[in-house]
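Working notes for the structure below.
Residue numbers (this note's numbering): 16 to 102.
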């Protein structure tokens with residue numbers, strides 16, 4: 016899936032030097048991860064932190080490992096949440 020996304024991004028950027036294309040592709044890939052991966056998303060209650068940062072803080076505070084087992088994904092414009100996802 017990642018390679019497919021990279022190919023799409025490379026196709027979007029033409030007539031640029033190869034090293035510039037790779038930087039642009041990496042930037043777009045980072046944006047892709049922040050939109051699709053739960054732990055890379057911005058924490059809704061603190062936009063300066065990502066979900067993985069909050070998990071790390073809670074692990075340090077509690078002293079136990081924390082595992083995300085379920086979550087509900089909401090998308091702007093949806094009236095009901097999609098099915099719960101398992102991690």
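The beta-carbon is built from N, C-alpha and C at its ideal position, and this holds for glycine as well.
- Every beta strand (DSSP E) of 3 residues or more that sits fully in the stretch 31-76 is shown, in chain order, as 61-65.
- At a Cβ-Cβ threshold of 8 Å, residue 53 and residue 21 do not count as neighbours.
- Residue 90 carries a coil assignment under DSSP once its states are collapsed to helix, strand and coil.
- Rounded to whole angstroms, the gap between the alpha carbons of residue 24 and residue 63 is 27 Å.
- For residue 22, the enclosing alpha helix (DSSP H) stretches over residues 17-27.
- In this structure residue 87 is not in contact with residue 80, their Cβ atoms being roughly 22 Å apart against a cut-off of 8 Å.
- Setting aside the 5 residues that flank it on each side, residue 70 is surrounded in the same chain by 54, 81 and 83, each with a C-beta closer than 8 Å to its C-beta; the list follows chain order.
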